[in-house]
Structure formats: structure tokens, C-alpha cells
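Structure first, commentary second.
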Amino acid sequence: MSATAVELRDLRVELVGRDADVVDEITLRIAPGEVLGLVGESGSGKTTVGMALLGHVRRGGRVGGGAVVIDGRDLALLGDRELRRLRGGTVAYIPQDPGTSLNPALRLRRQLGEVLEAHAGEWGDDERGQRVRQALEEVALPSDDTFLARYPHELSGGQQQRVAIAMAFACRPGVIVCDEPTTGLDVTTQARVLATVRDLCRTHAVAALYVSHDLAVVAELADRVAVMYAGRIVETGTRDQLFRAPRHPYTRRLLRAVPDLEGKRAVVGIPGTAPLPGGRPTGCFFHPRCTLAVDRCVAEFPPATDVGGGQLVRCHRSAEAPRELPVEFGPTEAVGDVAPDLVLAVRGLDAHHGASHTLHGIELEVHRHECLALVGESGSGKTTLARCVAGLHKDFTGEVALRGTPLPPAARKRSDAARKEIQYVFQNPYASLNPRRTVGQTIARQLELFDPGRKEMDRRVGDCLERVALSRSAANRYPDELSGGERQRVAIARALAAEPALMVCDEITSALDVSVQAAIIDLLRELRVQMGLSLLFITHNLALIRTIADRVAVMTQGRIVELGPTATVLAEPSAPYTQQLLANTPTIAA
Numbered sequence: 331m332s333a334t335a336v337e338l339r340d341l342r343v344e345l346v347g348r349d350a351d352v353v354d355e356i357t358l359r360i361a362p363g364e365v366l367g368l369v370g371e372s373g374s375g376k377t378t379v380g381m382a383l384l385g386h387v388r389r390g391g392r393v394g395g396g397a398v399v400i401d402g403r404d405l406a407l408l409g410d411r412e413l414r415r416l417r418g419g420t421v422a423y424i425p426q427d428p429g430t431s432l433n434p435a436l437r438l439r440r441q442l443g444e445v446l447e448a449h450a451g452e453w454g455d456d457e458r459g460q461r462v463r464q465a466l467e468e469v470a471l472p473s474d475d476t477f478l479a480r481y482p483h484e485l486s487g488g489q490q491q492r493v494a495i496a497m498a499f500a501c502r503p504g505v506i507v508c509d510e511p512t513t514g515l516d517v518t519t520q521a522r523v524l525a526t527v528r529d530l531c532r533t534h535a536v537a538a539l540y541v542s543h544d545l546a547v548v549a550e551l552a553d554r555v556a557v558m559y560a561g562r563i564v565e566t567g568t569r570d571q572l573f574r575a576p577r578h579p580y581t582r583r584l585l586r587a588v589p590d591l592e593g594k595r596a597v598v599g600i601p602g603t604a605p606l607p608g609g610r611p612t613g614c615f616f617h618p619r620c621t622l623a624v625d626r627c628v629a630e631f632p633p634a635t636d637v638g639g640g641q642l643v644r645c646h647r648s649a650e651a652p653r654e655l656p657v658e659f660g661p662t663e664a665v666g667d668v669a670p671d672l673v674l675a676v677r678g679l680d681a682h683h684g685a686s687h688t689l690h691g692i693e694l695e696v697h698r699h700e701c702l703a704l705v706g707e708s709g710s711g712k713t714t715l716a717r718c719v720a721g722l723h724k725d726f727t728g729e730v731a732l733r734g735t736p737l738p739p740a741a742r743k744r745s746d747a748a749r750k751e752i753q754y755v756f757q758n759p760y761a762s763l764n765p766r767r768t769v770g771q772t773i774a775r776q777l778e779l780f781d782p783g784r785k786e787m788d789r790r791v792g793d794c795l796e797r798v799a800l801s802r803s804a805a806n807r808y809p810d811e812l813s814g815g816e817r818q819r820v821a822i823a824r825a826l827a828a829e830p831a832l833m834v835c836d837e838i839t840s841a842l843d844v845s846v847q848a849a850i851i852d853l854l855r856e857l858r859v860q861m862g863l864s865l866l867f868i869t870h871n872l873a874l875i876r877t878i879a880d881r882v883a884v885m886t887q888g889r890i891v892e893l894g895p896t897a898t899v900l901a902e903p904s905a906p907y908t909q910q911l912l913a914n915t916p917t918i919a920a
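So the sequence shown is numbered by my numbering: it starts at 331 and just counts up by one.
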């Protein structure tokens, strides 16, 4: 690789048949061994830029200008055969979801071997077999015959992700594109994956583009950071420049939306939404959401300005922007004022999955108006416990009591009143909402189920939507017409339509941008105040729980190892496992 492994020069990707760009004026350089973090909200164009490094544009788009140069070769000048050799050989890709990118019908030995057959065909079988084992050892996975004979579904999420990394690095590429590879992973697994990517890039001088909406992860991993908004790069600089002295208002607002593990500053969301291609405003695209906007911002798109040390900013007022990120004090911790009334009690709960004993002697309580967070690694039993509470997992012994009344294990055997009182919001709104029903039909179905006698359905559906800060007009839209954050709000509105006493939130912010996540947390805080709602909040994001949870239960291997007030557990953890979780949690203070 040359001194510059990757160079993008004024790249433009546009929609075919429309006078609209997806991304434009994208100029980046990545050196061998360097990790460049590319951050921004969903829809900002991050993945489009990442795919461009593979010579790929999604259906309906095309490269409308500029150049992508990999090791001195312009991808636009390569034919299909040369591009196929480039992908996987020179430029590798680590996907967001290895569970869907790994072939479920092939054993690991075959999947890893196919990569080498395609890009190292001159090697012999013994040499390829040795390289497969070496690739697995580099990502801290077993390389024995038993492990190589496994199928992807026999691995945990963290193991699947490390297999995907091993496949990407197997052919010793010069460039690697990481597309949100730690989204959905617990902090311990995430720490291992990040350390693996960092070490492999430095050891083998690989230039990496790390696409993410998780700024804390980027702060841990990246050497330099580029911030995207509405298809443009609005700020570029070193990690220290971007996280300690951001100059663009959008960068500053993103950082204010990141939860703080130490609770030294408030989490503040960004009002409004990012504009889509074809609907972007004149001038600076961020001006409708910017508190510093002036007439010039509305009329003229700002050029890239070097504000010192190679830090480039597209903002007319960058010279006036304060150099330090302000510390905003506010509601950094949960709502408080927990009522003494007991809503949920779990006593001596043991759960099984077939012959596997997954929960052991669980004891916990949730009071009215309280938020109890459940945290722990993947496989610790958090979701199984939540599903037992909701009646979705019935293979358990012990007691789940609602307002002092024991409930049958299965939801189908519970009374309508009991099912109405406990509502579940799932992690993935893309899968939990019916794609063939409008938003209004989805919420109306819930209202008909638990309150069939009342009329004025349209008005009641509109009230539910407004309660979660959505327009009444959203009732006529289908889920695929909404953003991820809007879909999650619809899922919350559906749960609230039953007017529950307890809402179970299962990793509901894990795939959301930090700005959308902050808005969802603000929403839940308001609902607790307005409705006296109780929450059982499952998450692997320890920094997030300080902003919403009154108490936290830490789980591992099906047991609660620590339970107490959130501030106490985060500041003075007593269990070694909790201490390890906190040590593995990424932070932008790095």
C-alpha cells in the first residue's frame, strides 16, 4: 500500500432519474494502519460512502462525479472482473449483522475457505487450512476441528461477529470497511471486537473506515473522525479535536446527546429530523435545527474551512464557535419520587430452555413510577426474565405477581386485565410492526383489544401518536415510510394505548442514533411523570441507565449479582462482574 491507501475526491452519488444527490463533495484520505471513524445520524450517507470503497452503489443510485482511489487505482476505471477481485482481496467488509451475512447452510471451515479460494487460489489446501486456523486465532476464537465444523447458528452473536472479522482479514486486505459491527453487542463482547479490529489494523497496516452512530465507540477506536450530515461531511479532524474541541454546531449537538457514564452532564437530544435527498433546504442543510443560524446560513452553503491543525469545518460561524464542549447540568439521573405501591414482584424464579437451566432464584421488585434497569452480557438471562414477566416464556417456576396477585406463567392464561397492565416493547421495531398495516391500524387494533366499547377511534389513535411526539398524520403511513426512531415511537404508542401499569422495554434504543436515543429517553421520562408508568428497562448500555433508571440489577449466568440505586452501583460497584462491565464501557472522555 502507498502512503495513502484510500482517497475519495469530491465523490457524488445521485439518484437515477432524479435531480437529487445521496452524498456529494465527499473528500477523505486514509493512511495504512489508520482508522477513520465516519459518524452521523441514520440517513446521513455513511453506508453509501462505505459501499463506494467497494465499488458498489445501491440499486437506484449511481456515481455522478468524483473518484474513489484505492492504492492508486481509480475504481471507476476497473471492469467487473477486476472489481470482484478487489472486493474481499484488496478491500474487505465487516457487516453490521453477521447473523444474516454468514451462510447458515455452510460450516465455518467451508465459509472461511471459500474466501481464500476466491482470492488466494494459487495456495495449496494445506496452506489455506493453516491460514483459516490463523485467522480464527487472531480474533481469539478456537481453531480446532470441532469449532470449524460448527454452523453459524451454533455461535453467540459475539462469536459470529469475530468470524466475520476473521473472514475480512483472512486475505490480508489493504483496506477494510466496518459497517456498525458492534451494534447490538454487549459491552464486554464489544470491547473484544474493537480491540481485535484495532490490533489487526495496526499489525497488518490496514486502512479502516469505521462507520458508526455510536460516538463513544468511535472515540475508543478511531485515529481521525469525519462527521456527516445530510450527505455532506461537515467536520473532519483528529479524535482529540472532534471530541474535545468540536467546532460545528451539529457535532456539538451529537456529543451532547451521548449518555455520560459519570453523570457529569445532561443528555440533550437534537430537535427535528435530518432532511432526505430531494428535500434538503437551501444554504446550510443543518440551519433549520441550528440555534446559531443567521441569514447567511439560509442563503449559502458553507465551504470547508481549516480552523487549525487540519481540522476542517463547514460552518459560516465556526470562528465564533466556542472551542470547548460545554458541560450542561440538568436531569442526568432518573425521575425519582418512586411511589411505595408495589407493581411487580418476582420471587424465586427459575427458568429453563429445554434442558438448559437459564435463570436461578431471581428476586426483584418494581414500584409504581419506578424504572428498574436490567444489564449484563448477551446470554446473561435479561430477555428471558423479561419474557417470563410478560408471559411470553412459560417454562419457569417461582412467582411473578402483579399488584400482589400471582400470574399464570403463560400470557394466554392470564386475564385481559393482567395482559393490559403489562406491555412489551421489542428491540427491533422493523420486525415487531406489521408491514401491511398502517400506523393507525396498528394502534387501533390495540385499542379494540383492551377497550372495545369506546368510540371515536381516529381521535384516540391521534391522541396516542401525539403522546409520543408524532403527528396525527402519521396514522396514514406504513412502517416502511418511517425512520427507525419514528417506528420505535409507534411501538411505544401501541404499548401505551393499553394504558399499562408496567412497560417492559427490551433494548429499545440499541440500534438508534444517539440523538434519537436521547429523544426516546426524554419521552419515557415524561411518560413516567404524566402517567405514573413503571418501567423494566433492559439494556447493555450502562451509560444510558444513569439518565433513566432509579435502580439497576446486574445479571450474569442467569443470576442477579448486584442490585441497588443506579448512582451507587455505577460509582461504587461491589461485584467484580459489575466492575468489569464498567471497565469495558466505551466513553467519549477518552
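Ideal placement from N, C-alpha and C gives every residue a C-beta, glycine not left out.
Measuring alpha carbon to alpha carbon, tell me which of the options ends up nearest residue i.
i, options, result
"G602", "H697, D351, E816, E751", "E816"
"D349", "R359, I360, G391", "G391"
"R819", "S803, E796, A828", "E796"
"I868", "A465, T519, S710", "S710"
"G373", "Q489, S542, A535, P425", "S542"
"P633", "I356, V536, G395", "I356"
"D529", "L551, Q441, D455, V719", "L551"
"R749", "G363, I400, S686, A828", "A828"
"P739", "C620, E447, V791, F726", "F726"
"D509", "L732, E630, V730, V365", "V365"
"D843", "L874, S864, L865", "L874"
"R790", "L777, V798, L854", "L777"
Give the straight-line distance between the Cα atoms of residue i and residue j, rounded to the nearest whole angstrom.
i, j, result
"F659", "G419", "Note that F659 scores a pLDDT of 46, beneath 50, so its modelled location is shaky and nothing firm can be said."
"V882", "L722", "23 Å"
"D788", "A804", "12 Å"
"S321", "R492", "Nothing in the structure corresponds to residue 321, since the chain is present only between 331 and 920."
"R502", "V469", "14 Å"
"I563", "L689", "47 Å"
"V523", "I424", "11 Å"
"C645", "D625", "13 Å"
"A879", "F477", "40 Å"
"P511", "T735", "44 Å"
"A525", "I495", "12 Å"
"Q860", "L826", "12 Å"
"S845", "R582", "11 Å"
"S840", "E695", "25 Å"
"F499", "A465", "7 Å"
"P906", "T898", "15 Å"
"K724", "A731", "14 Å"
Here's a check: name, in chain order, each residue in its chain whose Cβ is nearer than 7 Å to the Cβ of residue i, leaving out the five neighbours to either side.
i, result
"D852", "G599"
"R480", "R437, L438"
"I918", "L545, A546, A549, F573, L585, V588"
"H386", "none"
"P618", "G602, P611"
"Y559", "G370, S374, Y580, A604, F615, F616"
"Y808", "P765, T768"
"N606", "Reading off the sequence shown, one finds Leu at residue 606, where the question assumed Asn. Counting only Cβ-Cβ distances below 7 Å, and skipping sequence neighbours, we find G373."
"R569", "A549, A552, D553, R554, V555"
"T915", "V517, L591, L872, A873"
"A448", "G418"
According to DSSP, residue i sits in a beta bridge with which residue or residues?
i, result
"I838", "Answer is none; I838 lacks a bridge partner."
"F780", "Bridge partners of F780: none, in fact."
"I360", "V336"
"G706", "According to DSSP, G706 bridges with nothing at all."
"F726", "A681"
"C701", "L865"
"G367", "Y540, V555"
"S686", "H683"
"Q909", "Beta-bridge pairing links Q909 to no other residue."
"I692", "L679"
"V884", "V705, E892"
"M833", "Q753, L865"
"P736", "A731"
Report all residues from its chain with a CB closer than 8 Å to the CB of residue i; omit the five preceding and five following residues, and keep chain order.
i, result
"M885", "L704, V705, G706, S710, G711, K712, L715, V891"
"A821", "V755, F756, P759, S762, L763, I838"
"G487", "P428, G429, G514, L515, T519, S708"
Within a Cβ cutoff of 6 Å, which residues of the same chain sit near residue i, ignoring the five residues on either side of it in sequence?
i, result
"G395", "R342"
"V637", "R577, V643, S648"
"E565", "V557, H578, T581, V643"
Fully enclosed by the segment 466 to 524, which alpha helix (DSSP H) runs are 4 residues long or longer? 475 to 478, 487 to 499
Report the start-end ranges of each alpha helix (DSSP H) in the segment 528 to 553 that is 4 residues or longer and not cut off at the edges. 545 to 551
Inside the segment 423 to 472 only - alpha helix (DSSP H) runs reaching at least 4 residues: 428 to 431, 438 to 449, 455 to 468
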